[in-house]
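Input: a single structure, listed below in structure tokens.
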Amino acid sequence: MVLPLLEQHMMSKYAASRAYTPDIVKKVKVATGITMGYLIQEVGTCSDEIRLVLVGGHSSRKEEWAPVVGNLLTQWEARDCGKTLKVLTFDNRGVGDSDAPCGMYSTSGMAKDTLALLDVIGWRTAHIAGTSLGGMISQEIALAAPDRVQSLSLIATSSGSFMPDTSAYSSIFTTMTSRDPSKVTNAILAFLYPEPFLTSKITMRNVFFKYHRNMVATFAPPSLSGALGQSTAAMLHSVSTRKLHKIRDRGFPILIVGATLDKCINISHALHFKKELASSHTRVAIYEDAGHGCLLQHLDELTHELLKVIQSA
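Residue numbers (the UniProt record's numbering): 1 to 313.
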């Protein structure tokens with residue numbers, strides 16, 4: 001029997017428990033005044049480098065990128081591209097190993113954090129990919145420093161004015177208030193994945209429960225200041241149509257990913273991107289059966305899409 005890809009990942013060298021150990025994760029103070037936690041993983045020995053920055057969503061830690069990073073590096077190695085792929089994951093302001101100061105956060109301010117981190121590690125340019133809140137931050141990176149963006153991937157995100165579906169609020173409330181790891185995990189599953197997907201195979205729910213339960217049990221939830229700050233940034237995010245056209249007209253490759261059954265950010269937001277960012281250098285992937293967790297639900301396909309966009313730059 002072929003194991004689900006996420007289950008294979010949990011047994012691999014790229015699993016968060018093996019790849020994100022305290023002796024490997026780095027912390028550095030950046031020009032915006034905060035300390036940020038990050039990790040760079042790579043495959044290849046060539047001096048010619050491809051650099052990819054993964055920007056996480058609300059309350060999402062860098063460790064949660066582990067399945068994506070593992071699949072990216074595995075696929076890259078199998079392709080024998082003749083270049084070294086370096087992948088940066090980090091904790092946004094407000095979560096994980098990065099500072100969580102009190103006060104108002106903004107997606108433009110969090111974009112400045114990311115650019116300041118790139119300055120410290122010496123990455124002048126990079127491919128940028130963000131999911132959910134991370135996609136909002138990625139838009140602001142593209143607006144603030146378009147000359148530093150080699151490609152832009154926007155996954156299950158919005159240009160502004162989004163509201164979760166009413167059916168998602170009970171899950172959101174449980175994740176914010178419950179201290180029962182199993183209840184929190186079930187709420188996460190209900191928020192991220194459609195029920196037909198979780199019941200599509202006899203082991204699917206168990207695999208995804210095990211993965212998310214491990215993340216819940218291993219890592220503390222964000223502080224109140226961090227959670228409120230990131231929520232404010234997401235809810236106040238606004239990139240106008242004119243600004244989207246500015247991003248489009250820079251000419252770097254763009255990937256838009258949407259999920260039809262997304263309870264957090266309605267598919268209409270991906271379709272808005274599809275319309276306003278339409279160009280010869282824009283790709284669109286819409287997953288009809290997926291929810292907000294499309295990145296893990298369609299891990300192999302989305303990894304392939306990311307690599308195609310990177311290689312088209």
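Every residue, glycine too, gets a C-beta built ideally from N, C-alpha and C.
Look at the alpha carbon of residue i and the alpha carbon of residue j, and state the distance between them as a whole number of angstroms.
i: Met1; j: Ala100; result: Below a pLDDT of 50, predicted positions are generally treated as unreliable, and Met1, at 37, falls in that range; the measurement from the model is reported next regardless. Answer to the nearest angstrom: the Cα atoms are 44 Å apart.
i: Tyr14; j: Ala66; result: 6 Å
i: Arg250; j: Tyr38; result: 28 Å
i: Lys201; j: Thr114; result: 39 Å
i: Leu255; j: Asp165; result: 24 Å
i: His269; j: Phe162; result: 8 Å
i: Val30; j: Thr203; result: 44 Å
i: His58; j: Glu276; result: 25 Å
i: Ala259; j: Asp23; result: 37 Å
i: Ala313; j: Cys264; result: 30 Å
i: Thr282; j: Asn266; result: 20 Å
i: Pro253; j: Val309; result: 6 Å
i: Asp48; j: Leu54; result: 20 Å
i: Phe90; j: Ser60; result: 10 Å
To the nearest whole angstrom, what separates the beta carbons of residue i and residue j, a pair I think is in contact under 8 Å?
i: Val257; j: Ala285; result: 5 Å
i: Phe173; j: Glu63; result: With a Cβ gap of about 24 Å, Phe173 and Glu63 do not count as contacting.
i: Ala217; j: Pro194; result: Their Cβ separation, rounded to whole angstroms, is 25 Å, which puts Ala217 and Pro194 out of contact at 8 Å.
Does the separation of the CB atoms of residue i and residue j fall below 9 Å?
i: Ser178; j: Ala156; result: no
i: Ala142; j: Ile247; result: yes
i: Asn214; j: Met36; result: no
i: Gly44; j: Glu77; result: yes
i: residue 343; j: Ser159; result: Nothing can be reported for residue 343: it is not among the residues displayed for the chain, which extend from 1 to 313.
i: Arg51; j: Leu88; result: yes
i: Phe191; j: Gly293; result: yes
i: residue 318; j: Lys86; result: A question about residue 318 goes unanswered here, because the residues of the chain that appear run from 1 up to 313.
i: Leu189; j: Phe208; result: yes
i: Leu306; j: Leu118; result: no
i: Ser138; j: Ala116; result: no
i: Tyr287; j: His298; result: yes
i: Val95; j: Pro222; result: yes
i: Ala233; j: Ser106; result: yes
i: Asn92; j: Gly135; result: no
Item checked: Contained beta strand (DSSP E) runs [length at least 3] in the region 52-107, N- to C-terminal order -> 84-90
Next item on the list: Assess, as a yes-or-no matter, whether the region 217-232 is touched by the region 115-132 under the definition of 3 or more beta carbon pairs within less than 8 Å.
Entry: no
Next item on the list: Let me know the alpha helix (DSSP H) ranges lying completely inside the region 225-299, each 4 residues or longer, listed in chain order.
Entry: 241-249, 267-276 and 294-297
Next item on the list: Quick one: which unbroken beta strand (DSSP E) runs of 3-plus residues sit fully inside the region 154-200? Chain order, please.
Entry: Counting only unbroken stretches of 3 or more residues, no beta strand (DSSP E) element lies wholly within the region 154-200.
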